[in-house]
Amino acid sequence: MNRHVAIVGAGFIGRAWAIVFARAGFSVAVYDAVDTALAQCQRLLLENISDLAEHGLIAEAPASVLERIRTETTLPAALKGACLVQECAYETLEIKRAVFAELDRYAAVDTILASSTSWLKASEFSEGLAGRARVLVAHPVNPPYLIPLVELAPAPWTDAAVLASAKTIYQEAGQVPVVLHKEITGFLLNRIQAAVLNEALNLYADGFASMEDMDLVLKNGLGMRWSFMGPFETIDLNAPQGLMDYAERYGPTFREVAADQATNPWDRGTMAQLHAQRREVLPAADMQARARWRDRRLMALIAHQRSQPR
Ligand SMILES: NC(=O)c1ccc[n+]([C@@H]2O[C@H](COP(=O)([O-])OP(=O)(O)OC[C@H]3O[C@@H](n4cnc5c(N)ncnc54)[C@H](O)[C@@H]3O)[C@@H](O)[C@H]2O)c1
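Residue numbers for the sequence shown follow my numbering, so the first one is 178 and each next one is one higher.
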């Protein structure tokens, strides 16, 4: 297999994928429909790659990683010789359909076509394509060069060999792929995130706690374990005899609470209130710097995880 990857869309996720693949030694071509997105690409990439070097997370000089990433102003030039295309355009079904029609037209028949979509099923944007057997979703977590999970969600018609090759490519790139057994809107991670947000919004809107305290519950509570163990591993250790013991002790209460959890409407009034509170704590002008702070915290966490036994 050749080691060239094409990235379509040079926004947050496209640039982050470029770092993932280039860091692992792949050559990368980045294409975007908007020239200004490409124009700022190299500068933003260098910033992120330099942060990685500063935290000891890459062995090479940032410039040599960056050298493996080039920008292309036409789609066919970017796709040439690619083993995989990582699509990272806007999240609408119309755009995904249009982009995948173009990818299927211009990419060589053995090129795998993967979408970064956060919610859409591969079957929704690949159904009518001649090459639909080579299309799948590969959903990353932002930013994928710091958070390794990638959810591979094939359509019913995705070729098993394509899925297997995609899995190998992401593993070679240092990611941790999880394969869904069947398609579902939002895959796994975003469905869990949806459940958490739904309940956090309900508890806030119903007056049980402030927004700040809801954030504390996650970052000083549940989230601390979740950075190194999942929900099933967690409950297995939270009763003396393990998971079944936990289920017998607490299962009925969990069931009652779940039955009580309503669908939150995400109404504009509540969201505007939350937004205003956030902007008081974090003015819009400081958001970019705060995102960089978040990424540096993640880098420190990765360095810590690497130093610990699994
Ligand atoms: N941001 C996240 O947290 C996150 C996480 C996981 C997955 N995703 C998914 O990744 C994808 C990209 O999201 P993002 O956050 O990088 O968005 P973004 O707005 O930062 O970037 C999108 C880029 O795509 C380009 N683009 C739009 N249409 C195009 C086309 N037809 N051809 C080529 N380029 C085109 C835009 O010019 C823009 O530069 C979405 O599907 C999103 O759901 C985002």
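Every residue gets a Cβ at the ideal spot worked out from N, C-alpha and C, and that includes glycine.
query                                                                                                           : result
Member of Asn-319, Leu-323, His-358 whose CA lies at the smallest distance from the CA of Thr-335               : His-358
For Glu-244, the first and last residue of its enclosing alpha helix (DSSP H)                                   : 239-244
Spatial distance of Ala-275 from Glu-349 (CA atoms)                                                             : 29 Å
DSSP state of Tyr-208 mapped onto helix, strand, coil                                                           : strand
Under the three-state DSSP convention, the category Ala-183 falls into                                          : strand
Three-state class that DSSP yields for Val-434 in the structure shown                                           : helix
Which of helix, strand or coil DSSP assigns to Ser-484                                                          : coil
Spatial distance of Leu-459 from Ala-377 (CA atoms)                                                             : 20 Å
Sequence-distant residues of its chain with Cβ nearer than 8 Å to Asp-413 (five each side left out)             : Gly-419, Leu-420, Tyr-423
Best match in Asn-225, Ala-199, Val-185 for proximity to Arg-465 [C-alpha to C-alpha]                           : Checking the displayed sequence, the identity of residue 465 turns out to be Gln instead of Arg. Closest option to Gln-465, Cα to Cα, is Asn-225.
Tyr-347 classed as buried or exposed, judged by whether at least 16 other C-beta atoms fall within 10 angstroms : buried
C-alpha gap between Thr-489 and Val-356, whole angstroms                                                        : Missing from the structure shown is residue 489; the chain here goes from 178 to 487 and no further.
Nearest neighbour of Leu-478, chosen from Cys-218, His-181, His-232, Asp-209 [CA to CA]                         : His-232
Outcome for Arg-200 when other beta-carbon atoms lying within 10 angstroms are tallied against a minimum of 16  : buried
Any non-hydrogen atom of ligand 1 closer than 7 Å to Asn-319 Cβ                                                 : yes
beta-carbon Tyr-267 near ligand 1 non-hydrogen atom, thresh 7 Å                                                 : yes
Residue range of the beta strand (DSSP E) that includes Pro-331                                                 : 326-331
C-alpha gap between Asp-392 and Thr-447, whole angstroms                                                        : 16 Å
Minimum C-alpha distance to Lys-257 - residue among Ser-204, Leu-374, Leu-222, Glu-301                          : Ser-204
Rounded separation between Thr-251 and Tyr-322 - CA only                                                        : 25 Å
Completely contained beta strand (DSSP E) runs for the stretch 249-330, where each covers 3 or more residues    : 261-264, 289-292, 312-317
Heavy atom of ligand 1 within 7 Å of Ile-190 beta-carbon                                                        : yes
C-beta atoms of Arg-247 and Ala-206 nearer than 8 Å                                                             : yes
Burial state of Tyr-208 (16 or more Cβ within 10 Å)                                                             : buried
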